[in-house]
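For reference, the structure discussed in these notes is given below.
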Amino acid sequence: MKIIDGKTTAELIKNEIKTEVAAIIDKYNSAPHLAAILVGEDPASNTYVNNKEKDCRSVGMTSSVYRMSSRTSEEELLRTIAFLNEDEQIHGFIVQLPLPEHINVDRIIAAINPNKDVDGFHPINLGRMMLGQDSFLPATPFGILELLKRYNIETKGKNCVVLGRSNIVGTPLSIMLSRKNDPGNSTVTLCHSYSNNLADITRQADILIAAIGKPEFVTKEMIKENATVIDVGIHRVVDHEKNSGYKLIGDVKFDEVAPKCNYITPVPGGVGPMTRIALLLNTLKAFRKTTGIS
Ligand SMILES: NC(=O)c1ccc[n+]([C@@H]2O[C@H](COP(=O)([O-])OP(=O)(O)OC[C@H]3O[C@@H](n4cnc5c(N)ncnc54)[C@H](OP(=O)(O)O)[C@@H]3O)[C@@H](O)[C@H]2O)c1
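In structure tokens form, the structure reads like this:
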């Protein structure tokens with residue numbers, strides 16, 4: 010069994026990005042600039058946005074955060090998006106989700122300039138991705154494909170089972186894995202809460218991706234011998250032995266599943282760091298797209 014080390018892989022890619030950004034600054038005296046809009050005071054969202062700023066700084070990119078009150082109206086948010094769409098100093102931006110309930114998230118995402126949509130959530134980017142055209146890929150699936158690539162895990166002709174069909178992880182990943190591409194060319198089964206006989210399906214998987222949002226849902230009985238298991242789930246559970254008072258676990262019961270696997274991602278240190286790196290890769294791409302600098 011081999012652990013897929015997302016943390017080390019992310020660091021490696023971070024260094025590659027750092028080198029590219031330094032070369033861009035050297036040549037053009039301009040750094041890729043990622044902006045984030047944060048509406049409300051949700052602590053988890055605040056942490057995610059702070060991490061994005063930290064990641065940008067660590068590779069020499071510029072970042073800025075537009076903090077808006079939880080009472081911000083949809084119209085006000087749309088105005089901020091229109092401003093960022095036009096601002097030539099900002100190459101890519103994200104609207105941190107979730108948004109307060111009074112705001113229509115579909116309307117917000119549709120208002121983002123697709124060429125600056127570094128989350129890859131705009132219908133135009135998702136449509137382009139589905140057609141195999143150049144697009145921004147949603148960060149988590151993009152990060153997972155990059156991990157498979159860097160570990161030389163063959164996807165061609167394999168049975169891939171994706172557990173969970175969210176718009177940000179399961180659904181785009183199932184499409185990316187089934188495209189005529191490398192990684193890709195898999196036979197993909199996408200499972201959700203109405204799937205029957207789940208374990209019978211997951212036991213067929215050469216590559217199983219768990220993005221179900223249920224702590225330790227995937228057990229050893231659900232795994233084929235020598236499978237590759239990618240655990241997307243992140244859950245905080247109480248752990249009095251840790252200074253923080255909690256630990257992170259995934260959607261997979263790691264201790265019993267790992268011995269059956271060829272490859273497996275841990276939680277933490279698997280998919281999470283790669284999601285963060287994928288956003289930086291998309292920001293670099295947005296810089297090139299919006300400035301025409303290659
Ligand atoms: N590591 C990272 O960077 C990262 C990034 C994003 C998310 N996450 C984590 O990944 C997990 C999934 O998040 P998400 O946003 O993709 O998913 P989500 O929106 O929570 O959706 C969960 C999906 O799992 C399906 N599901 C739920 N219970 C099921 C069951 N018993 N059997 C089969 N399918 C079931 C749901 O089916 P229905 O569609 O039928 O409801 C849904 O499609 C969460 O733990 C989240 O925190 C991690």
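For the working numbering, add 9 to where a residue sits in the sequence shown, where the first one is 1.
All C-beta atoms, glycine included, are put in the ideal place defined by N, C-alpha and C.
- Taking 4 residues as the minimum length, the alpha helix (DSSP H) runs contained wholly in the stretch 100 to 126 are 114 to 120, in order along the chain.
- In terms of Cβ geometry, residue 87 and residue 44 do not form a close pair [threshold 8 Å].
- Ligand 1 never approaches residue 58 closely enough for any of its heavy atoms to be under 7 Å from the residue's Cβ.
- The Cβ atoms of residue 254 and residue 156 lie no closer than 8 Å to each other.
- According to the DSSP assignment, residue 290 belongs to the alpha helix (DSSP H) that extends over 280 to 300.
- A distance below 8 Å separates the beta carbons of residue 146 and residue 185.
- Per DSSP, residue 32 is one residue of the alpha helix (DSSP H) stretching across 15 to 37.
- Selection 66, 191 and 51 evaluated against residue 292 yields 66 as nearest (Cα-Cα).
- Under DSSP, residue 42 shares a beta bridge with 71.
- For residue 122, same chain residues with a beta-carbon under 6 Å away, outside a window of 5 residues either side, are 94 in chain order.
- Under the three-state reduction of DSSP, residue 146 is assigned to coil, being neither helix nor strand.
- DSSP places residue 57 within a helical segment (H, G or I) once states are collapsed to three.
- Closest in alpha carbon position to residue 162, among 170, 142 and 191, is 191.
- At the C-beta level, residue 240 and residue 264 stay beyond 8 Å of one another.
- For residue 241, the three-state secondary structure derived from DSSP is coil.
- The closest heavy atom of ligand 1 lies 7 Å or more from the beta carbon of residue 169.
- In this structure, DSSP gives residue 212 a state outside helix and strand, which the three-state scheme calls coil.
- Across the set 230, 278, 280 and 142, the C-alpha of 230 shows the shortest separation from the C-alpha of residue 208.
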